[in-house]
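**Student:** Got a structure for you, written out below as structure tokens; questions coming shortly.
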Amino acid sequence: MKDWRYWLAEQRGTLLAFGIFVVMFTIYLVNHPAIENNGFTVNTVANVVQTASNKAVLLAFVAMAQTLVVITAGIDLSVGMIFILTNCLASWIVVGSPWQTALGVVGVLAAGLACGAVNGLIVIYGRLQPIVTTIATGAIYFGIALALRPFPGGDVNGDLADMLTGKIFGVVPASLVTLFAVVLIVWVPFKRSTVGRAAYAVGSSEAAAYMSGVPIRRARFAAYTLAGLLAAMGGLFLTFFTYTGEAAYASGNTYTLFSIAAVVLGGVSLFGGTGSAVGAVFGALAFRTIGDLLFVFDFDPLWQPLFQGVVLMLAVSLGAFGLFRVRNRLDWFA
Amino acid sequence: MTDSTGTPAPRASILRRIDPAIATAFACIVLLLLLGSLYSSNFLSPEYLLQQLKVASFLGVIATGMMLVILLGQIDLSVPWVVTAGAMMSCAAASYGLTGEILAIPFGILCGVGLGLINGIGVAYLRIPSMIVTLATNAVAQGLMVVYSGGFSPRDSASDAMRWLATGFAIPSVPNSVIVWAVVGLAMVFLLTRTTFGRAVYGIGNRERAAYLSGVKTRRIVMIAFAISGGLAAFGGVLLAGYASKAAQSMGDAYLLPAIAAVVLGGTSILGGRGNYLGTVAGVILITLLQSILSVMQMPEFGRQIIYGVVIIAMLLLYGRERAAH
Amino acid sequence: MNGAEPLFRMEGVSKRYGGVRALEKADLTVHAGRVHAILGENGAGKSTLIKIISGVVAPDEGRMTLDGREVTFPSPAAANRAGIVCIFQELSLIPDLSVADNIVISNAPTRFGMIDRRAQQRLAEDALARAGASDIHPKALVKDLPLSRRQMVEIAKALARNPRILILDEATSALTAADVTRVFEVLKRLRSEGLALLYISHRMHEIAELADECTVFRNGQKVDTYVAGSKTDNEVIEMMIGREYSHVFPPKPAAIASDKPPILETRHLSWTDRLKDISFNVRTGEVVGLGGLDGQGQRELLLALFGVLRGCSGEVLIDGTPVSIQSPATARSEQIGMALIPEDRKTEGLMLPMTVRDNLSFAALDRVSKNGIVDRAAEDRQIDEMIRLLAIRTAGTDIPVGALSGGNQQKVVIAKWLMRGPRIILLNDPTRGIDVGTKQEIYQLLRKLADAGAAIVFYSTDYDELIGCCDRVLVLYDGLVRRELVGEGITEHALVASALNIDDGAAAEPAAADA
Numbered sequence: 076m077k078d079w080r081y082w083l084a085e086q087r088g089t090l091l092a093f094g095i096f097v098v099m100f101t102i103y104l105v106n107h108p109a110i111e112n113n114g115f116t117v118n119t120v121a122n123v124v125q126t127a128s129n130k131a132v133l134l135a136f137v138a139m140a141q142t143l144v145v146i147t148a149g150i151d152l153s154v155g156m157i158f159i160l161t162n163c164l165a166s167w168i169v170v171g172s173p174w175q176t177a178l179g180v181v182g183v184l185a186a187g188l189a190c191g192a193v194n195g196l197i198v199i200y201g202r203l204q205p206i207v208t209t210i211a212t213g214a215i216y217f218g219i220a221l222a223l224r225p226f227p228g229g230d231v232n233g234d235l236a237d238m239l240t241g242k243i244f245g246v247v248p249a250s251l252v253t254l255f256a257v258v259l260i261v262w263v264p265f266k267r268s269t270v271g272r273a274a275y276a277v278g279s280s281e282a283a284a285y286m287s288g289v290p291i292r293r294a295r296f297a298a299y300t301l302a303g304l305l306a307a308m309g310g311l312f313l314t315f316f317t318y319t320g321e322a323a324y325a326s327g328n329t330y331t332l333f334s335i336a337a338v339v340l341g342g343v344s345l346f347g348g349t350g351s352a353v354g355a356v357f358g359a360l361a362f363r364t365i366g367d368l369l370f371v372f373d374f375d376p377l378w379q380p381l382f383q384g385v386v387l388m389l390a391v392s393l394g395a396f397g398l399f400r401v402r403n404r405l406d407w408f409a
Numbered sequence: 426m427t428d429s430t431g432t433p434a435p436r437a438s439i440l441r442r443i444d445p446a447i448a449t450a451f452a453c454i455v456l457l458l459l460l461g462s463l464y465s466s467n468f469l470s471p472e473y474l475l476q477q478l479k480v481a482s483f484l485g486v487i488a489t490g491m492m493l494v495i496l497l498g499q500i501d502l503s504v505p506w507v508v509t510a511g512a513m514m515s516c517a518a519a520s521y522g523l524t525g526e527i528l529a530i531p532f533g534i535l536c537g538v539g540l541g542l543i544n545g546i547g548v549a550y551l552r553i554p555s556m557i558v559t560l561a562t563n564a565v566a567q568g569l570m571v572v573y574s575g576g577f578s579p580r581d582s583a584s585d586a587m588r589w590l591a592t593g594f595a596i597p598s599v600p601n602s603v604i605v606w607a608v609v610g611l612a613m614v615f616l617l618t619r620t621t622f623g624r625a626v627y628g629i630g631n632r633e634r635a636a637y638l639s640g641v642k643t644r645r646i647v648m649i650a651f652a653i654s655g656g657l658a659a660f661g662g663v664l665l666a667g668y669a670s671k672a673a674q675s676m677g678d679a680y681l682l683p684a685i686a687a688v689v690l691g692g693t694s695i696l697g698g699r700g701n702y703l704g705t706v707a708g709v710i711l712i713t714l715l716q717s718i719l720s721v722m723q724m725p726e727f728g729r730q731i732i733y734g735v736v737i738i739a740m741l742l743l744y745g746r747e748r749a750a751h
Numbered sequence: 051m052n053g054a055e056p057l058f059r060m061e062g063v064s065k066r067y068g069g070v071r072a073l074e075k076a077d078l079t080v081h082a083g084r085v086h087a088i089l090g091e092n093g094a095g096k097s098t099l100i101k102i103i104s105g106v107v108a109p110d111e112g113r114m115t116l117d118g119r120e121v122t123f124p125s126p127a128a129a130n131r132a133g134i135v136c137i138f139q140e141l142s143l144i145p146d147l148s149v150a151d152n153i154v155i156s157n158a159p160t161r162f163g164m165i166d167r168r169a170q171q172r173l174a175e176d177a178l179a180r181a182g183a184s185d186i187h188p189k190a191l192v193k194d195l196p197l198s199r200r201q202m203v204e205i206a207k208a209l210a211r212n213p214r215i216l217i218l219d220e221a222t223s224a225l226t227a228a229d230v231t232r233v234f235e236v237l238k239r240l241r242s243e244g245l246a247l248l249y250i251s252h253r254m255h256e257i258a259e260l261a262d263e264c265t266v267f268r269n270g271q272k273v274d275t276y277v278a279g280s281k282t283d284n285e286v287i288e289m290m291i292g293r294e295y296s297h298v299f300p301p302k303p304a305a306i307a308s309d310k311p312p313i314l315e316t317r318h319l320s321w322t323d324r325l326k327d328i329s330f331n332v333r334t335g336e337v338v339g340l341g342g343l344d345g346q347g348q349r350e351l352l353l354a355l356f357g358v359l360r361g362c363s364g365e366v367l368i369d370g371t372p373v374s375i376q377s378p379a380t381a382r383s384e385q386i387g388m389a390l391i392p393e394d395r396k397t398e399g400l401m402l403p404m405t406v407r408d409n410l411s412f413a414a415l416d417r418v419s420k421n422g423i424v425d426r427a428a429e430d431r432q433i434d435e436m437i438r439l440l441a442i443r444t445a446g447t448d449i450p451v452g453a454l455s456g457g458n459q460q461k462v463v464i465a466k467w468l469m470r471g472p473r474i475i476l477l478n479d480p481t482r483g484i485d486v487g488t489k490q491e492i493y494q495l496l497r498k499l500a501d502a503g504a505a506i507v508f509y510s511t512d513y514d515e516l517i518g519c520c521d522r523v524l525v526l527y528d529g530l531v532r533r534e535l536v537g538e539g540i541t542e543h544a545l546v547a548s549a550l551n552i553d554d555g556a557a558a559e560p561a562a563a564d565a
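Chains as they are written, first to last, in the working numbering: chain C, 76 to 409; chain P, 426 to 751; chain G, 51 to 565.
In structure tokens form, the structure reads like this:
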């Protein structure tokens with residue numbers, strides 16, 4: 076009887092993010108010009124959702140990647156660059172016959188895995204702090220991306236791209252379905268496995284984890300490597316949308332920073348040990364939708380960055396309300 | 426550089442024990458200089474070296490603020506747009522008439538202090554992790570600047586004073602910006618080693634809980650530190666604007682990661698509580714030299730990025746490792 | 051019980067930490083179906099011994115045998131696999147995970163590679179029941195549980211591993227009396243089933259109840275092993291401290307009559323449900339002790355006085371004037387003049403990586419500086435004075451304070467506050483984990499400070515200290531002052547009686563002046 080109450084308490088962050096997203100998206104949808112012109116037809120709504128989804132899914136993948144690392148009380152400032160790198164790589168190899176394309180996809184995902192693995196190895200065996208490690212590896216990955224695509228260009232298998240950016244049954248965006256599938260195939264097994272739980276343990280209290288015999292190194296390695304994989308999914312999708320590979324430094328940086336914002340919005344604690352990638356996904360979707368709200372309300376695009384910044388500031392300050400409940404000031408400190 | 430031991434000894438100087446990190450950093454600087462001289466004969470010439478110091482001084486001022494925040498065990502990711510805001514706002518003031526031109530530099534710095542205060546209040550009083558607060562401030566600063574500039578690239582010019590500070594020569598052949606960096610640096614060293622504020626910073630970085638229980642006003646100190654960091658980042662922007670005669674969008678982006686890297690390569694622990702300004706100086710010079718050499722070698726951009734990242738990791742592996750768990 | 055082959059044996063095991071010999075050629079023999087108690091002062095090597103047996107650290111020399119075969123344990127997991135499970139003082143529970151997750155964390159039941167939640171829940175419920183803690187819900191998050199519940203989860207987790215040797219390292223310190231009874235029942239049952247138990251505790255009465263044999267350690271070496279009950283408490287203590295044991299407390303002055311208002315007074319002080327209507331006062335020159343079982347509000351009272359707790363109701367008066375203390379910064383100010391020696395010196399009293407000097411002057415920097423600039427000469431003078439005054443033994447003053455022994459570290463904490471010349475000194479269990487010699491020095495110091503006019507409030511878990519040092523003792527239970535003992539009335543009997551006077555459910559006896 077009380078079981079569901081515990082589940083509720085555990086998922087609080089995720090549910091909150093979900094709630095924010097639903098509210099934001101509803102406002103967005105209701106005020107969207109296409110809906111205002113054509114009414115709430117299935118087709119119109121589906122189109123609006125598809126465009127929104129395609130854009131948001133990119134950030135969702137990168138946010139999921141960041142979540143995995145943040146759970147272990149780490150941070151990955153190179154996710155944006157892995158995203159860019161895999162985009163550039165994909166624009167070279169995800170082309171040609173179905174077999175070649177398939178191999179290309181595998182290659183791109185493997186590259187993401189490799190990048191994540193390098194991060195993990197340096198953090199674990201080099202015993203360096205994640206923040207500085209990933210700053211440095213981010214530069215390396217960007218360099219490789221730049222080597223692959225000094226100038227924007229390349230191509231991608233059109234059929235695959237159309238399929239994954241289109242709609243299924245003319246209604247549901249394929250990108251959303253893919254995101255859902257990735258959550259099911261990558262996140263859920265990870266979270267429910269011993270390695271996934273070990274990752275939470277490491278982030279919550281590494282000392283206690285050690286004393287309990289938790290496989291700390293394996294957990295960290297899995298987190299960083301899978302993060303690379305998820306970032307690569309994002310990069311792959313970017314290629315499907317843009318049909319090019321571009322080593323855009325600003326874009327990579329932005330995605331990294333936005334992924335941190337999405338993660339926090341999604342109820343994942345930057346101190347590690349709690350949170351869910353599902354929450355981060357909703358955080359990413361909500362974040363993107365907030366940006367789109369301005370377009371929908373016909374705000375001067377000039378004000379969009381400020382609006383996004385203020386909303387972000389307010390969102391992260393929400394957590395400060397918990398401070399009112401703090402009775403022992405020593406709880407402020409770790 | 427040894428010192429006499431035994432109870433109660435007079436207080437040791439800053440250089441009592443050479444931090445292996447700082448020694449390694451300076452060794453690498455020497456190595457880079459030698460490497461550079463292989464590519465170009467005038468790499469070791471005083472003019473070129475002073476030029477390097479001049480370029481380094483902008484990063485140096487920014488890294489000084491970053492070091493203060495990192496010593497607390499925090500991080501300041503708002504540097505990119507605080508730098509830009511400092512540049513743009515000082516130029517804006519400069520175009521405002523005579524009073525504006527006189528007050529341009531302090532106004533730019535004050536904008537940075539204001540943004541830094543937002544960071545400080547968020548971290549110290551609202552207990553929000555610094556990584557996310559400074560990120561939000563960065564976004565807000567960007568928003569404000571975009572609105573101000575109307576979406577166009579900034580058109581205001583820097584004031585003469587700004588230009589002089591950044592490119593002038595008060596002392597013959599010594600660039601002014603180097604002197605500015607030196608002054609800022611000495612002030613920071615004084616702050617850190619001779620004032621109660623500085624001692625509190627190290628204490629808080631080591632163990633904020635114990636500092637709080639000792640009766641230190643930890644929240645106020647954290648807030649002030651972020652304000653200083655914001656002010657210094659903005660000051661860096663002011664100097665950069667003086668150097669280029671005007672501000673530019675995204676001019677601050679290139680300074681965030683190098684600032685963090687410079688501080689960490691200088692032996693300051695990213696976890697806080699440990700660090701020496703001399704190390705930050707070494708880190709700044711190291712990074713500047715590295716970037717210069719790569720450009721002298723005419724290394725394409727991609728190579729520069731990769732080498733930059735590899736060098737940082739290599740150096741950190743040399744001396745930045747935590748102790749093994751057992 | 052007799053003649054059985056030892057289950058586990060340790061011979062000639064040594065361990066050094068830097069220059070400190072934590073353990074020196076230690077021997078230990080453990081038999082199945084017996085409870086073996088380990089006694090010794092803190093720093094005697096007990097913790098190191100346990101860490102070696104449970105695989106947390108590796109010994110420098112010596113050998114261990116299990117079932118007659120030589121073994122080594124490179125990690126806690128390895129020791130666990132061999133059937134050796136340790137319940138540590140610092141809990142090994144993951145705060146953000148549920149009770150069930152924690153209990154089976156090292157051997158979770160899996161299905162298709164994923165954790166079988168239902169099986170896990172059942173296992174957890176079983177383990178909790180076996181530990182006598184069925185009131186704990188398996189899905190509750192550990193961080194939401196109070197300390198006593200967490201300790202029970204820790205015990206359940208250990209039992210779920212079906213150990214052959216169970217090590218309890220001061221595991222009952224956080225438990226309520228009812229919990230202790232239940233746990234002892236469980237342990238006795240397991241003993242009869244063949245479990246070997248290594249029990250480390252300071253609490254003589256627990257050892258008397260549970261142990262079959264005892265071993266005393268001192269300075270890293272084994273002193274003696276004897277059958278439980280065959281030595282008197284005094285003999286045991288003498289073995290622990292290595293010399294004749296006599297209470298060495300400084301003499302207490304006669305009660306001082308004064309018509310000045312008490313320097314510190316509280317009226318109806320309360321805070322959440324941990325402090326309920328506490329009214330007491332302390333006069334200049336008095337040493338007032340706080341007694342009672344662990345966790346009855348003593349720590350919270352000290353924190354409340356020092357301004358750390360928020361939302362306190364009631365009044366606090368300094369020299370008869372009501373004050374509002376909302377931060378340690380206010381508490382230590384000139385007008386109020388309070389100092390707090392906190393509970394955990396390593397995380398609350400000191401910055402371990404910083405030097406002895408920097409730690410010493412940290413709380414008094416405002417007194418040796420002008421306009422924010424530190425006067426180094428004045429600072430150094432005061433630091434040297436403090437080191438001399440408290441006889442702080444250190445290899446040098448520019449070394450990290452983390453390198454000092456526990457007793458000297460605590461002296462640094464005390465010295466740090468004495469540099470401010472406080473009028474009211476609060477101490478939160480200051481002699482915990484400190485060697486006997488330093489303890490004596492601290493007792494002398496406290497009396498000297500009181501004689502010089504300070505008011506001292508002193509929470510201790512050690513009855514002898516309360517009896518020997520305090521002019522008055524307030525025994526707390528459940529956030530209230532149960533009884534106040536004065537002067538000759540402070541006896542062990544009275545302390546224990548008033549601390550344990552209340553058991554679960556029964557109505558409390560009214561506080562009465564002791565005869």
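Glycine residues also receive a C-beta, built at the ideal position from the N, C-alpha and C atoms.
Helix, strand or coil for G:Gln271? Go by DSSP, reduced to three states.
**Tutor:** As a position in the third sequence, residue 271 of chain G is number 221, starting the count at 1. Three-state result, G:Gln271: strand.
**Student:** Note the first and the last residue of the continuous beta strand (DSSP E) segment covering G:Pro637.
**Tutor:** Residue 637 of chain G falls outside the range modelled here, since chain G spans only 51 to 565, and no answer is possible.
**Student:** Using a Cβ-Cβ distance cut-off of 7 Å, determine whether G:Lys189 contacts chain C.
**Tutor:** Locating residue 189 of chain G in the third sequence gives position 139, counting from the first residue. By this cut-off, G:Lys189 is an interface position.
**Student:** Interface residues of chain P around C:Phe158 at Cβ under 9 Å?
**Tutor:** By 1-based counting over the first sequence, the position of residue 158 of chain C is 83. By Cβ distance, chain P contributes nothing, its closest Cβ being about 16 Å from C:Phe158, past 9 Å.
**Student:** What does the alpha-carbon distance come out to for the pair P:Thr427 and P:Thr618?
**Tutor:** Translated into positions along the second sequence, residue 427 of chain P becomes position 2. Translated into positions along the second sequence, residue 618 of chain P becomes position 193. At P:Thr427, the pLDDT of 31 sits below 50, so the modelled position is not reliable and the matter cannot be decided from this model.
**Student:** Taking P:Val627 and P:Gly698 to be in contact with their CB atoms under 8 Å, please state how far apart those CB atoms are, rounded to whole angstroms.
**Tutor:** Numbered from 1 along the second sequence, position 202 holds the residue referred to as residue 627 of chain P. Numbered from 1 along the second sequence, position 273 holds the residue referred to as residue 698 of chain P. Note that residue 627 of chain P corresponds to Tyr in the displayed sequence, not to Val. That pair is a contact at about 6 Å.
**Student:** Could you check what DSSP says for G:Asn478 in three-state terms: helix, strand or coil?
**Tutor:** For the purposes of this step, residue 478 of chain G is taken as the residue at position 428 of the third sequence. Here G:Asn478 sits in strand by DSSP.
**Student:** Report the option in G:Met114, G:Arg211, G:Arg168, G:Leu141 whose CA atom is closest to the CA atom of G:Asn157.
**Tutor:** Residue 157 of chain G sits at position 107 when you count from the first residue of the third sequence. The shortest Cα separation from G:Asn157 among G:Met114, G:Arg211, G:Arg168, G:Leu141 belongs to G:Arg211.
**Student:** Report yes or no: is there a C-beta of chain C within less than 7 Å of the C-beta of G:Val358?
**Tutor:** Here the question's residue 358 of chain G lines up with position 308 in the third sequence. So yes, G:Val358 belongs to the interface.
**Student:** Specify the secondary structure class of G:His81 as computed by DSSP and reduced to three states.
**Tutor:** Here residue 81 of chain G refers to the residue found at position 31 when the third sequence is read from its first residue. Residue state, collapsed to three classes: coil.
**Student:** On the criterion of 16 or more Cβ atoms from any shown chain inside 10 Å, does G:His86 qualify as buried, or is it exposed?
**Tutor:** Working through the third sequence from its first residue, we reach residue 86 of chain G at position 36. With 16 or more other Cβ atoms within 10 Å, it is buried.
**Student:** Measuring straight from C-alpha to C-alpha, what distance separates G:Phe330 and G:Asp501?
**Tutor:** Walking along the third sequence from the start, residue 330 of chain G turns up at place 280. Walking along the third sequence from the start, residue 501 of chain G turns up at place 451. The alpha-carbon atoms of G:Phe330 and G:Asp501 are separated by roughly 21 Å.
**Student:** Check whether chain G comes within 7 Å of P:Ala635, counting only Cβ atoms and requiring the distance to be less than that.
**Tutor:** Against the second sequence, residue 635 of chain P aligns to sequence position 210. Interface residue, yes.
**Student:** Which residue from C:Phe382, C:Gly347, C:Ala359, C:Phe396 puts its Cα closest to that of G:Pro145?
**Tutor:** As a working mapping, residue 145 of chain G is identified with position 95 in the third sequence. The residue with the shortest Cα to Cα distance from G:Pro145 is C:Gly347.
**Student:** Could you check the C-alpha separation between G:Lys193 and G:Leu141 for me, to the nearest Å?
**Tutor:** Residue mapping note: residue 193 of chain G aligns to position 143 of the third sequence, counting from 1. Residue mapping note: residue 141 of chain G aligns to position 91 of the third sequence, counting from 1. Spanning the two alpha carbons is a distance of roughly 12 Å.
**Student:** Can you name the start and end residues of the alpha helix (DSSP H) that G:Lys96 belongs to?
**Tutor:** By one-based count along the third sequence, residue 96 of chain G stands at place 46. 96-103 is the extent of the alpha helix (DSSP H) around G:Lys96.
**Student:** Terminal residues of the continuous alpha helix (DSSP H) containing G:Ser411?
**Tutor:** The residue you call residue 411 of chain G lines up with position 361 of the third sequence. Segment 406-411, the alpha helix (DSSP H) holding G:Ser411.
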